[in-house]
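Accompanying notes for the structure given below.
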Amino acid sequence: MPADSTQIHNIGYRHYDGQRLGRAYATRSLFSQSLRGAYGLGRSAKSKVLPMILFGVMCAPALIMVAVAVATKANDLPVDYTRYAIILQAVFSLYLAAQAPQTVSRDLRFKTVPLYFSRPIERVDYVRAKYAALASALFILTAVPLLVLYVGALLAKLDFADQTKGFAQGLVSVALLSVLFAGIALLISAVTPRRGLGIAAVIAVLTIPYGAVSTVQAIAHEQGSGGAIGWLGLFSPITLMDGVQTAFLGATSAFPGKEGPSTGLGVVYVLVVLALIAGSYAGLLRRYRKAGL
Numbered sequence: 001m002p003a004d005s006t007q008i009h010n011i012g013y014r015h016y017d018g019q020r021l022g023r024a025y026a027t028r029s030l031f032s033q034s035l036r037g038a039y040g041l042g043r044s045a046k047s048k049v050l051p052m053i054l055f056g057v058m059c060a061p062a063l064i065m066v067a068v069a070v071a072t073k074a075n076d077l078p079v080d081y082t083r084y085a086i087i088l089q090a091v092f093s094l095y096l097a098a099q100a101p102q103t104v105s106r107d108l109r110f111k112t113v114p115l116y117f118s119r120p121i122e123r124v125d126y127v128r129a130k131y132a133a134l135a136s137a138l139f140i141l142t143a144v145p146l147l148v149l150y151v152g153a154l155l156a157k158l159d160f161a162d163q164t165k166g167f168a169q170g171l172v173s174v175a176l177l178s179v180l181f182a183g184i185a186l187l188i189s190a191v192t193p194r195r196g197l198g199i200a201a202v203i204a205v206l207t208i209p210y211g212a213v214s215t216v217q218a219i220a221h222e223q224g225s226g227g228a229i230g231w232l233g234l235f236s237p238i239t240l241m242d243g244v245q246t247a248f249l250g251a252t253s254a255f256p257g258k259e260g261p262s263t264g265l266g267v268v269y270v271l272v273v274l275a276l277i278a279g280s281y282a283g284l285l286r287r288y289r290k291a292g293l
């Protein structure tokens, strides 16, 4: 080809001169997107159905209790703030079983995780954003009914100081519950890219230990082994939370015979909860060291 016929064509690529927002912005965006996705926002209408139904189911008993308290001019609410989430454990367990796999399994199944790590975001940022998003979503699910109870109690002109104290204790309880259960559900869901297996595994881990522990506790109570009841509660996430809030948040225990853990044993409960949270986080970090390859 003659030298004078050589040409350089401009194919339209442009250099980016704008602001580069970096890791922090990418992490916040991933958190926001994951939190919205946990309630189906920004997704198809079908994706909104289950989380919104479960949200309504969580709030409905609180609305009924408030209506009854106002109509009958009751002196107190029928359920303590710290007991509400424990009573409705089946509802938020189903929510976690549905949303935890959706939060992480899709990225694993469609192999989009390496695309995240090709950006400024690091593995620790990904895990932190996903963990915080699901914990925040669960906190919203469990805290809004408490807010409904609190506002209703004030409308019913119940004692302001008692209700405020109970509401604060309830918020602490569901905050700790949200971090614990979100970590467990995410770790289980991140093991497999298959959403169906993740759903089944989350339901099994959150329900089977509780049923087994409750049964053994009932047997121990019938046999007069009350001292063993508190120690048995260490082997289920639900009974762990029951023990923590009984020991430190003034809650009434659901253990057989109402034999909740003492303050000393309550410290063990807190340490086990913190160990499970730290272990879940560490397990997720380890999982995504390989998932991004």
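In full-length UniProt numbering, the protein residues as written are 1 to 293.
Glycine residues also receive a C-beta, built at the ideal position from the N, C-alpha and C atoms.
- In the structure shown, the three-state DSSP call for residue 105 is helix.
- Segment contact: the segment 113 to 129 against the segment 157 to 177, fewer than three CB-CB distances shorter than 8 Å; contact not assigned.
- Along the segment 58 to 109, the alpha helix (DSSP H) occurs as fully enclosed runs of 4 or more residues at 81 to 87, 89 to 109, listed in sequence order.
- Residue nearest to residue 166 within the set 44, 249, 275, 254 is 249 (criterion: CA-CA distance).
- Apart from sequence neighbours up to five positions away, the residues of its chain that approach residue 213 with a beta-carbon distance below 6 Å are 232, 235, 236, 239, ordered along the chain.
- Per the coordinates, the alpha-carbon of residue 289 lies some 28 Å from the alpha-carbon of residue 93.
- Note that the C-beta distance between residue 30 and residue 127 is not below 8 Å.
- The Cβ-Cβ distance between residue 133 and residue 202 does not fall below 8 Å.
- Straight-line spacing of the CA atoms in residue 199 and residue 162 works out to 39 Å.
- If the five residues before and after residue 40 are omitted, its C-beta is found closer than 6 Å to the C-beta atoms of 47, 48, 51, all from its own chain and listed in chain order.
- With respect to the C-alpha of residue 142, the residue from 158, 182, 211, 42 having the closest C-alpha is 182.
- One alpha carbon belongs to residue 247, the other to residue 216, and they sit about 21 Å apart.
- Straight-line spacing of the CA atoms in residue 103 and residue 243 works out to 29 Å.
- Per DSSP, the continuous alpha helix (DSSP H) segment holding residue 181 begins and ends at 160 to 191.
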